[in-house]
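In order, the protein sequences belong to chains Y and D.
Here this note's numbering is used: position 38 in the first sequence is 649, and no number is missing along the way.
Here this note's numbering is used: position 8 in the second sequence is 38, and no number is missing along the way.
Quick notes on the structure that follows.
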Amino acid sequence: MSDLTSIGAAEIAALVKGKKTSAVEVIEAHISRIASKDSAIGVFLAHNTEAARDEARALDARIANGEDGGPLAGVPLAIKDVLHVLGLPTTCGSKILKGFKPPYEATVIRKLRQAGAIVMGKANMDEFAMGSSNENSAFGPVRNPWDVSRVPGGSSGGSAASVAAGFSPLALGSDTGGSIRQPAAFCGVVGLKPTYGRVSRYGLVAFASSLDQIGPMARSCEDAAIALSVIAGEDVHDATSSPRPVDDYVGALAQPTRGLRIGVPRGFLESGVEAGVMAEFDKTIAALERDGAEIVDVVLKNAPLAIATYYLVATAEASSNLARFDGVRYGLRVDSASARGSLKDMYGETRDQGFGPEVKRRIILGTFVLSSGYYDAYYLRAQKVRTLIRRDFDTAFASCDVIATPTTPSTAFKLGEKTANPLEMYLADVFTVPANLAGVPGISVPCGFSNGLPVGLQFVGPMFAEATLMRAGRAVERLFGPGHQRPVF
Amino acid sequence: MAEIEDKLLTHIAALARLSLSKEEIPKFAHDLAEILKYAEALEQIDLEGVPPMSHATEGERFRPDEPRHELTRDDALRNAPDQEAGLFRVPQVLGG
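What follows is the structure in structure tokens.
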């Protein structure tokens, strides 16, 4: 039974559809692993145990009846708790959504369920997806399965840890500045941020609407490709979802390494990458070149400005989006005697007590950059630099198919190591943020270990080039041979 | 903008509808100043003639402006902290 929790999504679906094992057996194996092991990690904020059992039984019955079961038949899923799943609370890792149960379901969840996948529960995260370590959750941190004294990354820390720990072969995260790719790198799994508009955001609680994307986290590029094929596409409920046809991501995995043009922005990489991370990155690039990839020098001149740009743009959007949490329609309401029964004081107290420090910090920064007298100097200026960052990518992609960088400047850091200095924490996203600003897709794939901790390599591609990212990601997987190295905890 | 005075921070917090405690105000003023200092790097860039970028979508897409009743009143009210007669109930708005 226990190896059902170590195999991938594609394998599980094949076994379930071929009646070699039942969806019930798959789900029970994961339920018992979560029950015995999650106390050490802290992934799940809510369990879907009984509903998952019911869905598994129903799926087995449909398959017994001759139905197909879908491309993700019987595949257990962990869902970042920023996405609405009917029947489960959505907390966003925050106290301010106390008691909230969504009245509708996210489009991605509906599609995954139709494809046969089964939700195991809601995964812990940094509050409102703001953070790079999962330490900003109101419900406590998540621990990295490779070393439980270290963070799993963030903000999709629970989703990444779930996949690494064998609690689910597949998870969904959201990525506004690196929140899928950075924890994927820290936990040694694959994480994909699709092109802005490739996946519907309906049912995702918004952080920064021009940057947010939902994407899959998995133990292989193949599983990520299957999941993306299911969730990608136009949605009437999200006007920013693209009508472009969805490419054959699984087919792209078979394309050869030979001929792939990989751009490396050496100038950008000079900004403080840990030696062990840089060594694994360089080793992987050299191996890809031996396999026939063409390595090209590219310049991302304005990329070093991305963090500053991001913290002005993303916080401005967040300050607007998070205005909806006001104690009126859902969640927490604080209406103490000192509020004297006035609406304005109820707003202020609810928000002061409901939001954690990082969320308040970002609301304050965002409100400041949008306020009269500062808008042009900060917000408008940042939007113009955003244009330059996008243009750098457009220029670079004239000479290469993908751009490679380390996903993160370091491996997973210790819990508490960076909590005292917000700016230092922000710099953990230096290599991931540019793709969000430009709107282009990025994938993190494991490329080695430094001092026993996973190192991630990021490929960024042109708009809607997810198929090329799958080809590139698979090229890295080929270097390490089949099989997934697993953490012991 | 190296210093953010407590008075400015209090004004921003009021705009954001955050009733910060006395201890929080100087702390957030300090953090805001630090981040804005870091953002000074953007001031060195020549942005003459560069248009602002607000999103990465390809053109505007519209749908017919027709009502779609996807949420019933009961569903919409189900999460309300306080409600009365099918409406959200809030503390006094005027004269409070």
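Quick reminder that beta carbons are idealized off the backbone N, C-alpha and C, glycines included.
Q) Grouping DSSP H, G and I as helix and E and B as strand, with all else coil, what is A657/Y? A) strand
Q.
On the CB-based measure, 16 or more other CB atoms within 10 Å of its CB, does P111/D come out buried or exposed?
A. By the 10 Å Cβ count, P111/D comes out buried.
Q. When the distance is taken between beta carbons, is S930/Y closer than 8 Å to I974/Y?
A. yes
(Q) Can you tell me whether S760/Y is buried or exposed? The criterion is at least 16 other CB atoms within 10 Å of its CB, across all chains shown. (A) Exposed, by the Cβ-count rule.
Q: Output, in chain order, the set of chain D residues within a Cβ distance shorter than 7 Å of F711/Y.
A: N109
(Q) So, with DSSP's three-state summary, where would you put T718/Y? (A) If DSSP states are grouped into helix, strand and coil, T718/Y belongs with the helices.
Q. Which residues share a DSSP beta bridge with T1016/Y?
A. Q1069/Y
Q: Determine whether the Cβ of E716/Y lies closer than 8 Å to any Cβ atom of chain D.
A: no
Q: Give, in chain order, every residue of the stretch 110-123 of chain D whose Cβ lies closer than 8 Å to some Cβ of chain Y.
A: A110, P111, D112, F118, V120, P121, Q122 and V123
Q.
Check this for me: beta carbons of L815/Y and L688/Y, under 8 Å apart or not?
A. The beta carbons of L815/Y and L688/Y sit no closer together than 8 Å.
**Q.** Chain-ordered residues of the stretch 64-86 of chain D with a beta carbon less than 7 Å from chain Y
**A.** E64, I65, Y68, A69, A71, L72, I75, L77, V80, P81, P82, M83, S84, H85 and A86
Q: Find the residues of chain D that neighbour M957/Y, judging by a C-beta separation of less than 8 Å, and give them in chain order.
A: Within chain D, the residues near M957/Y are V120 and P121.
Q. Which residues bound the beta strand (DSSP E) around E833/Y?
A. Careful: E833/Y lies outside any beta strand (DSSP E), inside the alpha helix (DSSP H) at C832 to I842.
Q: Within 10 angstroms of the Cβ of G1103/Y, are there 16 or more other Cβ atoms? Answer buried if so, exposed if not.
A: Any property of residue 1103/Y remains undetermined from this structure, which presents chain Y solely from 612 to 1100.
**Q.** Beta-carbon gap between T787/Y and D823/Y smaller than 8 Å
**A.** yes
Q: Return the first residue and the last residue of the beta strand (DSSP E) that R872/Y is part of.
A: R872 to V875
Q. Going by the CB atoms, is the gap between T961/Y and G984/Y shorter than 8 Å?
A. no
Q) What are the boundary residues of the beta strand (DSSP E) that I690/Y is part of? A) P687 to K691
Q. Which whole-angstrom value is the C-beta distance of A838/Y and V861/Y, which I expect to be below 8 Å?
A. In fact, because the Cβ distance is near 10 Å, the residues do not count as touching under 8 Å.
Q: Check the Cβ of Y922/Y against every Cβ in chain D and list those closer than 9 Å, keeping chain order.
A: I65, Y68 and A69
Q) Are the beta-carbon atoms of G751/Y and F655/Y separated by less than 8 Å? A) no
**Q.** Alpha-carbon spacing of T632/Y relative to A897/Y, whole angstroms
**A.** 41 Å
Q: Would you decide whether R1032/Y is buried or exposed? Buried here means 16 or more other CB atoms lie within 10 Å of its CB.
A: Going by the sequence as given, residue 1032/Y is Asn instead of Arg. Exposed, since its Cβ has fewer than 16 Cβ neighbours within 10 Å.
Q. Chain D partners of P1033/Y, CB-CB under 9 Å?
A. At a beta-carbon threshold of 9 Å, the residues of chain D lying near P1033/Y are D61, E64 and I65, ordered along the chain.
**Q.** Reduced DSSP category for G1055/Y - H, G, I as helix; E, B as strand; rest coil
**A.** The amino acid at residue 1055/Y is misidentified as Gly; the sequence shows Ser. Reduced to three states, the DSSP call for S1055/Y is strand.
Q. Could one say the Cβ of E960/Y lies closer than 8 Å to chain D's Cβ atoms, at least one of them?
A. yes
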